[in-house]
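Residue numbers (our numbering), protein chains in the order written: chain V, 39 to 331; chain C, 6 to 153. Positions of the beta carbon are idealized from the N, C-alpha and C atoms, including for glycine. Only one structure is covered here, and it is reproduced in the block below.
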C-alpha cells in the first residue's frame, strides 16, 4: 500500500511549523514519529494534502522535571521516556505504561505527545495523562496555551486542538511522594492496543487505608475515563473484597465500551472492573512500601 | 450498525415536530453541514464536511423525510458519499409526550462502506454516536434560542 499524493514540508522551528499549519489548516497533518499516521496514510484512511514533518525541530526533543511536572517535548520518543532515570524515579507509572506501547521498534520512533494528540482511546499515554491530571501545551498563531486533558479529548481520534496549533509539550504533574501506582492491561497480544487498560494511583495513611485513589481507563469509550464515583468510594477505605466489588460496579457504570471484532462491550465492561481491583491492590502494596518499585 | 437512544426536549411534541422539520435549524445543528437545499417535497440535498479523525472528508448526499405522522414520528433516509466512503442511513424518529416536554426516541440503522469502513466498527460506532449526540445537543440549543 502506498499513501495518496501529498506535499511535504520539514520546518526547523516551531514558528515555521505553526506558520505552515496556519496556511494549510485542515488540509495539513503533523508528522512526528509517524507510527500511527504513516499506516493510516498507507491504508489511505488519512488523506492529508500537506504533511508538516516536525522531526527537524531539534528543540522539541527533551524531557525535563520542572515546577512539579515532567515536561515531555513533542519529539521525545517513547523509548526516551522508558529509559530516563528521572521518569523511573519520579513518574514510575508512566514508565510502566510506556512499556505497553507497541514494540521496541515502534517506541524508538513513536512520540508520547504524538500518541496523546492522536487520541486513540485504546492507547496507553492518554490514560496516563488523565490519571495524573496532565495537560498538553500547544502553540498557535495567537500564542501558547495549555489544554487540560478533560478539555482535550472529544471522542475517538478527536481533540480540541485547532488545525493551526502544534502540540509542543506534554505536561505530567508529578504524583505525590509515596504514592503507589499500577498499570495493567488486557490485550490479545503483547504490543497490541489495549482491549482495556487501567492505571491506578494510591496514597495510604498509617493504618493502611486509602487516603486518595485515582483510576484511569483506556479502551472503554471514546476518550480516557476517570471513574469519579469509584474514586470517591475508595477514600478512607481498606481494600477489602466488598469495597473492591463496589468499586468494580462503579467503574462498570462509568464507562461506555463498544463492541468490535476483538471483544464485546460486555467483556470489556467486565474486564474493566476486574482490572481496576487488581491495579488498586498492586498500587496499595507499593504505597505501603512508601511508593518504591 | 444500530445507534439508538433518546433525548428530552423542553417543549410539547407539536413544537419539537416543527423544529425537526425546520431545514434551517437542521442545517445549523448537523455537525459540519455546509449546505442543505430543498430539492422537492421533504427532499433535500446536503453537503457535509466532517472533521473527525479517519472519517474526515466532504460528503454529498440526499436526505428524505418519509412516513410522516405529525407530530408523532417520521423516518429519515440519508444517502451520502465522499472520498472516505459512503454512508446509508435509515433513521426512525419518534416524538413522545413526557411531562410537559417531549422525549425523542431515535433508532439509526447506519451502513458504511468504502475505505472508511476499514477503521473498524468500534471507532465508527463511537464516532457515529458522538456525532448524533452533538446533533441533538445543538437541536436542544436551537429550541432554547427560539424560546428566549
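Per-residue contacts from residue 82 of chain V into chain C (C-beta, under 7 Å):
120
Which full runs of the alpha helix (DSSP H) of 4+ residues lie inside the region 15–53 of chain C, going along the chain?
18–24, 28–34
Partner residues on chain C for residue 115 of chain V, Cβ-Cβ distance less than 9 Å:
Those within 9 Å of residue 115 of chain V in chain C number zero; the least Cβ separation is about 23 Å.
Between residue 145 of chain V and the rest of its own chain, which residues show a CB-CB distance below 6 Å, the 5 nearest in sequence each way excluded?
116, 117, 139
From which residue to which residue does the beta strand (DSSP E) around residue 186 of chain V run?
181–186
When the Cα of residue 96 of chain V is compared with those of V:215, V:322, V:55, V:280, which residue comes out closest?
V:55
Are the C-beta atoms of residue 10 of chain C and some chain V residue less than 8 Å apart?
no
Using only the alpha-carbon positions, how far apart do residue 54 of chain C and residue 83 of chain C sit?
15 Å
Residue interval of the alpha helix (DSSP H) (run including residue 150 of chain V)
150–156
Which residues mark the beginning and the end of the alpha helix (DSSP H) in which residue 143 of chain V is found?
142–147
Can you list the residues of chain C that residue 296 of chain V reaches, using a CB-CB cut of under 7 Å?
127, 130, 131
Would you kindly report the start and end of the unbroken alpha helix (DSSP H) that includes residue 313 of chain V?
303–326
Indicate whether the contact test is met: 3 or more Cβ pairs, each with one atom in the region 229–246 of chain V and one in the region 17–24 of chain C, closer than 8 Å.
no
Taking CB distances under 8 Å as the criterion, tell me whether residue 113 of chain C reaches chain V.
no
What residue from V:276, V:308, V:171 has the CA that sits closest to residue 106 of chain V's CA?
V:171
Hey, does residue 124 of chain C have any beta-carbon neighbour from chain V nearer than 8 Å?
yes
Exposed unless 16 or more other CB atoms sit within 10 angstroms - verdict on residue 77 of chain C:
exposed
Output the boundary residues of the beta strand (DSSP E) element that contains residue 252 of chain V.
248–256
Identify, in the order they occur along the chain, each residue of the same chain with its Cβ nearer than 6 Å to the Cβ of residue 62 of chain C, setting aside the five sequence neighbours on each side.
87, 88, 89
Considering residue 205 of chain V, what are the terminal residues of the beta strand (DSSP E) in which it resides?
204–211
Between C:95, C:151, C:12, which lies nearest to residue 116 of chain C when the distance is taken from Cα to Cα?
C:95
Can you name the start and end residues of the beta strand (DSSP E) that residue 114 of chain C belongs to?
106–118
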